[in-house]
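Numbering (this note's numbering), first residue to last: 39 to 313. Ideal placement from N, C-alpha and C gives every residue a C-beta, glycine not left out. Notes follow once the structure below has been shown.
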Amino acid sequence: MRGKARKRQRLKDEIREYASPLNSVQNIRVLFLGQINAGKSSFFNSVDSVFRGYVINQASAGTDDRSVTRKYRIYQVKDGIHGKPLPIIFCDTMGLEEKDSACLKIDDVINIFKGHIPDKYQFNSNEAMHPNAPGYIKSPSLKDQIHCLVFVIDASNVEILPEKIERKLKEIRQKANELELPQLVILTKVDKISSVVNENISHVYRSQTVKRKMYAASDKLGIPLSQIVPVINYYSETDLRDDVDVLILMAVRQIVRCAQRYLENFSSDQSPAVD
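What follows is the structure, encoded as structure tokens:
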């Protein structure tokens, strides 16, 4: 087995073997947020592809100017075609847009953090979910709440994020900080910004261009450089590649580790206070 294939296998095994520190929370719940076309849904599909063994398209991904995702969706990746679900739940929202009338409400993000919003909830551009709305989860447990927040950013746009988008991301980050939620950034499409990486994906952490984009993301959001993870998603490919898989799996491993540290702050019968 080649070096990349061995590393790929080790990463998959580590993720498969994750065990929650709490009996009451068996699955890590991760919320992904980002500007439209940043690559959120493509990342879900890429992770699913790695574990299924072939390229698939479960979550809708597109290139429109409006968010493809209009509902709150929850995805659980399966380990192989007939395998059991992995202990990670991916939570997807509509993409962030500059227009306030079309954008995800900050109050809805907070509701997701706290576990109040159910799967398949249709976002309302006029108002956020509220306690009297149908489907509102009034008493969520820790397993229903978010354990890690991931910002998904297109590497080619990180230095020119629209002011409104940057402001919204910072406001969301502030709300997450108030809840002590761990956060990291997935930097997508790094092969599009660096000829070095495009020619040899294993050089992603040696590329000065990628490094500059990582520093820019860290500076924009105030997230430590160690929590900025470059990836390449599967888009038009029909076959998996070990080097692409390794980057995707490294991102998932980082997410798992962040969420585990968060859950270790709670005893088995304790949940953060929600309102």
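Quiz item: Nearest to residue 151 by CA position, among 108, 158, 122 and 181, is which residue?
Solution: The sequence position of residue 151 within the sequence shown is 113, counting from 1. Comparing Cα positions, the closest option is 181.
Notebook entry, point to check: CA-CA distance, residue 174 and residue 145?
Noted result: Numbered from its first residue, the sequence shown carries residue 174 at position 136. Numbered from its first residue, the sequence shown carries residue 145 at position 107. Their backbone Cα atoms lie some 13 Å apart in a straight line.
Any contact of the segment 158-170 with the segment 186-199, i.e. 3+ C-beta pairs under 8 Å?
no
Tell me whether residue 64 sits in a helix, a strand or coil according to DSSP, three-state version. Translated into positions along the sequence shown, residue 64 becomes position 26. Three-state DSSP puts residue 64 in coil, outside helix and strand.
query: For residue 59 versus residue 302, is the C-beta spacing smaller than 8 Å?
result: Numbered from its first residue, the sequence shown carries residue 59 at position 21. Numbered from its first residue, the sequence shown carries residue 302 at position 264. Contact: yes.
task = Apply the 10 Å Cβ neighbour rule to residue 268 and answer buried if 16 or more other Cβ atoms are within range, or exposed otherwise.
result = Position 230 of the sequence shown holds residue 268. Buried.
Report task. Output the distance between the C-alpha atoms of residue 286 and residue 270, rounded to the nearest integer angstrom. Result -> Here residue 286 corresponds to residue number 248 of the sequence shown, with the count starting at 1. Here residue 270 corresponds to residue number 232 of the sequence shown, with the count starting at 1. C-alpha separation (whole angstroms): 7 Å.
Helix, strand or coil: which one does DSSP assign to residue 239? Residue 239 sits at position 201 when you count from the first residue of the sequence shown. Three-state DSSP puts residue 239 in a helix.
Review point. Where residue 227 and residue 178 are concerned, what is the direct C-alpha to C-alpha distance, given to the nearest angstrom?
Key: Here the question's residue 227 lines up with position 189 in the sequence shown. Here the question's residue 178 lines up with position 140 in the sequence shown. Looking at the two C-alpha atoms, the distance is approximately 36 Å.
For this session: Determine which residues share a DSSP beta bridge with residue 296 and list them.
Result: On the sequence shown, position 258 is the one that residue 296 refers to. Answer is none; residue 296 lacks a bridge partner.
Endpoints, the alpha helix (DSSP H) within which residue 73 is located: Counting from 1 along the sequence shown, the entry for residue 73 is found at position 35. Here residue 73 belongs to no alpha helix (DSSP H), and DSSP marks it neither H nor E.
Practice prompt. Quick one: give me the first and last residue of the alpha helix (DSSP H) that residue 117 is part of.
Written response: Locating residue 117 in the sequence shown gives position 79, counting from the first residue. It is not in any alpha helix (DSSP H) - residue 117 carries neither H nor E in the DSSP assignment.
Checklist line | Residues near residue 43 by beta carbon distance below 8 Å, same chain, minus five either side | finding: As a working mapping, residue 43 is identified with position 5 in the sequence shown. The answer, listed in chain order, is 280.
Exercise. Assuming residue 85 contacts residue 277 (C-beta within less than 8 Å), just tell me the rounded distance between them.
Key: Taking the first residue of the sequence shown as position 1, residue 85 is located at position 47. Taking the first residue of the sequence shown as position 1, residue 277 is located at position 239. About 16 Å separates the two Cβ atoms, so there is no contact after all.
- Task: Can you have a look at residue 71 and say buried or exposed, based on whether 16 or more other CB atoms are within 10 angstroms of its CB?
- Result: Sequence index remark: in the sequence shown, residue 71 carries index 33 (1-based). Buried, by the Cβ-count rule.
**Asked** From 74, 122, 252 and 91, pick the residue whose C-alpha is nearest to that of residue 55; which is it?
**Response** Position 17 of the sequence shown, counted from the first residue, corresponds to residue 55. Comparing Cα-Cα distances from residue 55 to each of 74, 122, 252 and 91, the minimum goes to 122.
- Task: Could you tell me the distance, in whole angstroms, from the CA atom of residue 204 to the CA atom of residue 81?
- Result: As a working mapping, residue 204 is identified with position 166 in the sequence shown. As a working mapping, residue 81 is identified with position 43 in the sequence shown. A direct Cα-to-Cα measurement between residue 204 and residue 81 gives close to 21 Å.
Next item on the list: Using a threshold of 8 Å, state whether the C-beta atoms of residue 129 and residue 184 are closer than that.
Entry: Counting from one through the sequence shown, the residue named residue 129 turns up at place 91. Counting from one through the sequence shown, the residue named residue 184 turns up at place 146. Yes.
query = Do you know offhand how far residue 292's Cα is from residue 201's?
reply = Numbered from its first residue, the sequence shown carries residue 292 at position 254. Numbered from its first residue, the sequence shown carries residue 201 at position 163. The alpha-carbon atoms of residue 292 and residue 201 are separated by roughly 28 Å.
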